[in-house]
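Enquirer: First the structure, then my questions, so here it is.
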Amino acid sequence: MDNEDLNTYSNIQKGISKKTIEIESALDIPYFGRVDFKEDNSNEFESLYIGKIGFKQGSKYGVIDWRMPIASVFYECENGRATYEAPGGIFSGDVKLKRQYNIIDSQLISFTDDIITDKITRVIEKVASKETAKDSVISDPYLLKKLKQYTDKKLKEIIETIRVEQNRIIRQPLDKVLVVQGVAGSGKSTVGLHRISYIIYNFKGIDPGKILVIAPNKVFLDYISDLLPGIDAEGVMQLSFEQLAINIIETDLNVLKDEKVEFFVSIDKKNLHQFLMDAVINVSKFKGSLSFIKLIDYIIIKKANEIISELKDVSIFGGKLKISRKEQIKYLKDNAPLNNKILTLKKIIESRVKTFIEHQSFYTNNVDTLKQEAAAFLRNYLKILKRIEPISIYKELFEDDYVYKSLYKNRYFSFVAQYTLKNFEIGYVEREDLAAICYIKYMTDGISHEKKYQHIFVDEAQDLSPLEFIVLKLVSQNNSMTIMGDMNQGINSHRGIDNWGELINNIYKELNSQYFEISSSYRSTKEIVEFSNKLILKYLPKATPVARDGEKPTIEKISSDEEGINKLKELIK
Numbered sequence: 000m001d002n003e004d005l006n007t008y009s010n011i012q013k014g015i016s017k018k019t020i021e022i023e024s025a026l027d028i029p030y031f032g033r034v035d036f037k038e039d040n041s042n043e044f045e046s047l048y049i050g051k052i053g054f055k056q057g058s059k060y061g062v063i064d065w066r067m068p069i070a071s072v073f074y075e076c077e078n079g080r081a082t083y084e085a086p087g088g089i090f091s092g093d094v095k096l097k098r099q100y101n102i103i104d105s106q107l108i109s110f111t112d113d114i115i116t117d118k119i120t121r122v123i124e125k126v127a128s129k130e131t132a133k134d135s136v137i138s139d140p141y142l143l144k145k146l147k148q149y150t151d152k153k154l155k156e157i158i159e160t161i162r163v164e165q166n167r168i169i170r171q172p173l174d175k176v177l178v179v180q181g182v183a184g185s186g187k188s189t190v191g192l193h194r195i196s197y198i199i200y201n202f203k204g205i206d207p208g209k210i211l212v213i214a215p216n217k218v219f220l221d222y223i224s225d226l227l228p229g230i231d232a233e234g235v236m237q238l239s240f241e242q243l244a245i246n247i248i249e250t251d252l253n254v255l256k257d258e259k260v261e262f263f264v265s266i267d268k269k270n271l272h273q274f275l276m277d278a279v280i281n282v283s284k285f286k287g288s289l290s291f292i293k294l295i296d297y298i299i300i301k302k303a304n305e306i307i308s309e310l311k312d313v314s315i316f317g318g319k320l321k322i323s324r325k326e327q328i329k330y331l332k333d334n335a336p337l338n339n340k341i342l343t344l345k346k347i348i349e350s351r352v353k354t355f356i357e358h359q360s361f362y363t364n365n366v367d368t369l370k371q372e373a374a375a376f377l378r379n380y381l382k383i384l385k386r387i388e389p390i391s392i393y394k395e396l397f398e399d400d401y402v403y404k405s406l407y408k409n410r411y412f413s414f415v416a417q418y419t420l421k422n423f424e425i426g427y428v429e430r431e432d433l434a435a436i437c438y439i440k441y442m443t444d445g446i447s448h449e450k451k452y453q454h455i456f457v458d459e460a461q462d463l464s465p466l467e468f469i470v471l472k473l474v475s476q477n478n479s480m481t482i483m484g485d486m487n488q489g490i491n492s493h494r495g496i497d498n499w500g501e502l503i504n505n506i507y508k509e510l511n512s513q514y515f516e517i518s519s520s521y522r523s524t525k526e527i528v529e530f531s532n533k534l535i536l537k538y539l540p541k542a543t544p545v546a547r548d549g550e551k552p553t554i555e556k557i558s559s560d561e562e563g564i565n566k567l568k569e570l571i572k
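In numbering that gives the first Met the number 0, the protein residues as written are 0 to 572.
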């Protein structure tokens, strides 16, 4: 048996071992649901059992993996009809029963039946009698029972209780940018992670290591990482945007701790301090804006033109080797990244010189003299074709006269420039500088295929700037993303986007984007959700509470920050 056969055998054994472990782990809860489904071209209902792990009995599935296309019937059957999309096409049919099981340690504890036909009859009767709903809460006994079991703060697997609105997001095609507005407590983080599991299962060419999860910080990454192994999503790359940026830039940078939120909260509202606050907000917004990209493009074009202006007609070895300036410029007008173009031209000049010397060696004994002349020429001329460093380009942007004059109407630009250059002097950059430097890196060096991802999931996306979203597009292999956030929960509004329309219609306007909303809130009581809805701006989505009652929120009046802190301490105790 040769090495290739051994590797094949080893991979087969690993696959069998993994499947065995999966099936053994599923013995405690082999399935959690059943749905009786009859396709339109069939005469009989078939009972489909849905579980975490699917397995076959002969040619048929005894238990269907929740991620399989047909399993969507279990989650989408509320009105007696269900449709699912599979490689063979789109299939529809009737559903008469949905059953949810509570199985513990292989023992059936209880089950709940949802008789779809009875439910439809009740709805028709309500409509006929013009009966209106008492309130807008969601009431699902099985779901409520599960929610009561979630006593800790960790993210939970939700395969037993996935709602219709969540299911449709999870099962969207890979070649899309999904933008999801999810209210607080809607499970959007969990839905995004379950979508990753769905993608890994259904798209066999996807490498988990090429799926990227972007979260605000390490604490949040730790919060979501515990769920990944339980939904077969191990090996997924998890980074904050700051970590991603450092990977792209490939340079050690000292990033200042972001304390802007604390600054905004603690600032005294005097005129000078108000100016500082406005300036800091404008600095952050400006550095993350699409307008800033135009200035970066300008400074890179300017740098390329400076190099072109220094090029000369080359004539060496007594005029026997000539390389025209026009020919050299041709290599710098290519669409490749700037440093790639510089390197290409450099190599072409070196190659032409080397080839000439090799050719002359057949006709002259003066090769050493030619080599000395070549070395002197290359040493002097190739100084023009030095590599461009992204950090130096970024610094130059804030020192450029044209940039300064073009923005002189912006009362804060002088502050932006001085503030940024001062940070450079002490060896630091800000979080808001990273996206711009990443973009410059892309323009000067490109981004290698190894640093790109097959799918990107962004959580708490409302706090990312337009330029940071551009960077995410640059590291996407195929424009496949799931972007989750809540415009009501932005804590970094000084740099975040203002609305999802800005992302879909402007930043990602050329991509295949689709917008979704998740409005059901599973975390808080009905009273808390209804209270918070009153505080939300009119144009932002409101939450729909799940039917869990609790105490009504109270309003405490305080006269100072110190009093507020002490009051919070009392409440926590």
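Note that beta-carbon positions come from the ideal geometry of N, C-alpha and C, so glycine has one too.
Rounded to a whole number of angstroms, what is the C-alpha to C-alpha distance between residue 476 and residue 373?
Expert: For the purposes of this step, residue 476 is taken as residue 477 along the sequence shown, with counting starting at 1. For the purposes of this step, residue 373 is taken as residue 374 along the sequence shown, with counting starting at 1. Whole-angstrom Cα-Cα distance: 43 Å.
Enquirer: What does the Cβ neighbour count give for residue 361, buried or exposed, with the cut at 16 atoms within 10 Å?
Expert: Translated into positions along the sequence shown, residue 361 becomes position 362. Residue 361 comes out exposed.
Enquirer: Quick check on the burial criterion: 16 or more other C-beta atoms within 10 angstroms. Buried or exposed for residue 218?
Expert: Your numbering for residue 218 matches position 219 in the sequence shown. Exposed.
Enquirer: Considering only residues of the same chain and omitting the five flanking positions on each side of residue 541, which have a CB-CB separation below 8 Å?
Expert: Start at 1 with the first residue of the sequence shown, and residue 541 comes out as number 542. Only 182, 518, 532 and 535 meet the Cβ criterion.
Enquirer: Within its chain, find whatever has a CB closer than 7 Å to the CB of residue 112; leave out the 5 residues flanking it on each side and keep chain order.
Expert: Here residue 112 corresponds to residue number 113 of the sequence shown, with the count starting at 1. Closer than 7 Å at Cβ, skipping near neighbours: 96 and 98.
Enquirer: Please look up how many angstroms separate the CB atoms of residue 158 and residue 65, rounded, as I've assumed it's under 8 Å.
Expert: Here residue 158 corresponds to residue number 159 of the sequence shown, with the count starting at 1. Here residue 65 corresponds to residue number 66 of the sequence shown, with the count starting at 1. Contact flag correct, Cβ pair sits at about 5 Å.
Enquirer: Look at the alpha carbon of residue 198 and the alpha carbon of residue 173, and state the distance between them as a whole number of angstroms.
Expert: The count along the sequence shown starts at 1 and reaches residue 198 at position 199. The count along the sequence shown starts at 1 and reaches residue 173 at position 174. Cα to Cα, residue 198 sits roughly 7 Å from residue 173.
Enquirer: Please give me, in chain order, every unbroken run of the beta strand (DSSP E) with length at least 3 that falls completely inside the segment 163-214.
Expert: Runs found: 176-181 and 210-213.
Enquirer: Comparing C-alpha positions only, which one of 544, 461 and 59 sits nearest to residue 526?
Expert: The count along the sequence shown starts at 1 and reaches residue 526 at position 527. Checked all of 544, 461 and 59; the closest Cα to residue 526 is 544.
Enquirer: Measure the C-alpha to C-alpha separation of residue 446 and residue 469 and round it to an integer number of angstroms.
Expert: Against the sequence shown, residue 446 aligns to sequence position 447. Against the sequence shown, residue 469 aligns to sequence position 470. Using only the alpha carbons, I get a separation of about 13 Å.
Enquirer: Who are residue 544's beta bridge partners in DSSP?
Expert: Counting from one through the sequence shown, the residue named residue 544 turns up at place 545. Note: residue 544 sits in a beta bridge opposite 520.
Enquirer: So the candidates are 294, 292, 450 and 155; which of them puts its Cα closest to the Cα of residue 230?
Expert: Locating residue 230 in the sequence shown gives position 231, counting from the first residue. Selected option, being the one with the closest Cα: 155.
Enquirer: Between the segment 494-514 and the segment 316-328, do at least 3 Cβ pairs fall closer than 8 Å?
Expert: Not touching, per the Cβ criterion.
Enquirer: Could you check if residue 539 is buried or exposed, using at least 16 other CB atoms within 10 Å of its CB as the buried criterion?
Expert: As a first step, residue 539 is located in the sequence shown; it is residue number 540 there, counting from the start. By the neighbour-count rule (16 or more Cβ atoms within 10 Å), residue 539 is not buried but exposed.
Enquirer: Run through the DSSP bridge pairs and tell me what residue 93 is partnered with.
Expert: Counting from one through the sequence shown, the residue named residue 93 turns up at place 94. Residue 93 is bridged to 37 and 80.
Enquirer: In this structure, how does DSSP classify residue 98 when only helix, strand and coil are distinguished?
Expert: The residue given as residue 98 occupies position 99 in the sequence shown. Three-state result, residue 98: strand.
Enquirer: List the endpoints of the continuous alpha helix (DSSP H) containing residue 358.
Expert: One-based indexing of the sequence shown puts residue 358 at position 359. Per DSSP, residue 358 belongs to the alpha helix (DSSP H) from 337-359.
Enquirer: In the structure shown, what three-state DSSP assignment does residue 16 receive?
Expert: Numbered from 1 along the sequence shown, position 17 holds the residue referred to as residue 16. Three-state result, residue 16: helix.
Enquirer: Residues in its own chain within less than 8 Å of residue 180 by CB, not counting five upstream and five downstream?
Expert: In the sequence shown, the residue the question calls residue 180 occupies position 181. These residues qualify, in order along the chain: 484, 485, 486, 499, 514, 515, 516, 517 and 540.
Enquirer: Bridge partners of residue 578, per DSSP?
Expert: The requested residue 578 is not part of the displayed model; the chain covers only 0 to 572.
Enquirer: Between residue 108 and residue 472, what straight-line distance do the alpha-carbon atoms span, to the nearest angstrom?
Expert: In the sequence shown, counting from the first residue as 1, residue 108 sits at position 109. In the sequence shown, counting from the first residue as 1, residue 472 sits at position 473. Each residue's Cα considered, the two are about 48 Å apart.
Enquirer: Please determine, among 48, 57 and 19, the residue with the shortest C-alpha to C-alpha distance to residue 33.
Expert: As a first step, residue 33 must be located in the sequence shown, where it is residue number 34. Of the listed residues, the one whose Cα sits closest to residue 33 is 48.
Enquirer: Counting beta carbon pairs with one atom in the segment 282-298 and one in the segment 456-468, are three or more of them shorter than 8 Å?
Expert: Touching, yes, given that three or more Cβ pairs across the two stretches are closer than 8 Å.
Enquirer: Is it buried or exposed, residue 570, if we count other Cβ atoms within 10 angstroms and call 16 or more buried?
Expert: The residue you call residue 570 lines up with position 571 of the sequence shown. Counting Cβ neighbours within 10 Å, residue 570 comes out exposed, since fewer than 16 surround it.
Enquirer: First and last residue of the beta strand (DSSP E) that includes residue 224?
Expert: Walking along the sequence shown from the start, residue 224 turns up at place 225. Careful: residue 224 lies outside any beta strand (DSSP E), inside the alpha helix (DSSP H) at 217-224.
Enquirer: What's the gap between the Cα of residue 567 and the Cα of residue 557?
Expert: For the purposes of this step, residue 567 is taken as residue 568 along the sequence shown, with counting starting at 1. For the purposes of this step, residue 557 is taken as residue 558 along the sequence shown, with counting starting at 1. Whole-angstrom Cα-Cα distance: 11 Å.
Enquirer: If you compare alpha carbons, which of 46, 441 and 404 is closest to residue 388?
Expert: Taking the first residue of the sequence shown as position 1, residue 388 is located at position 389. Taking only the C-alpha atoms, the option nearest residue 388 is 441.
Enquirer: What is the DSSP secondary structure of residue 416, counted as helix, strand or coil?
Expert: By 1-based counting over the sequence shown, the position of residue 416 is 417. In this structure, residue 416 counts as helix in the three-state DSSP scheme.
Enquirer: Look up residue 321 in the DSSP assignment and give the residues it is bridged to.
Expert: By 1-based counting over the sequence shown, the position of residue 321 is 322. Note: residue 321 sits in a beta bridge opposite 314.
Enquirer: Looking at the strands, I want to know which residues DSSP matches up with residue 60.
Expert: Here the question's residue 60 lines up with position 61 in the sequence shown. Bridge partners of residue 60: 55.
Enquirer: Just to confirm my understanding: we take residue 320, look at its own chain, exclude 5 residues before and 5 after, and list those with CB closer than 6 Å. What are they?
Expert: Taking the sequence shown and counting its residues from 1, one reaches residue 320 at position 321. For residue 320, where only same-chain residues beyond five positions count, the Cβ hits under 6 Å are 355.
Enquirer: Could you tell me the distance, in whole angstroms, from the CA atom of residue 562 to the CA atom of residue 553?
Expert: Along the sequence shown, one-based indexing puts residue 562 at 563. Along the sequence shown, one-based indexing puts residue 553 at 554. Using only the alpha carbons, I get a separation of about 16 Å.
Enquirer: Tell me which same chain residues have a C-beta within less than 8 Å of the C-beta of residue 184, skipping the five on either side of it?
Expert: The sequence position of residue 184 within the sequence shown is 185, counting from 1. Only 520, 521, 522, 523, 528 and 542 meet the Cβ criterion.
Enquirer: Assuming the contact rule is C-beta atoms closer than 8 Å, residue 383 and residue 306 should be a hit. Round their C-beta distance to whole Å, please.
Expert: Walking along the sequence shown from the start, residue 383 turns up at place 384. Walking along the sequence shown from the start, residue 306 turns up at place 307. Contact flag correct, Cβ pair sits at about 6 Å.
Enquirer: Express the C-alpha separation of residue 200 and residue 171 in angstroms, rounding to a whole number.
Expert: Working through the sequence shown from its first residue, we reach residue 171 at position 172. Working through the sequence shown from its first residue, we reach residue 200 at position 201. Computed Cα separation, rounded: 13 Å.
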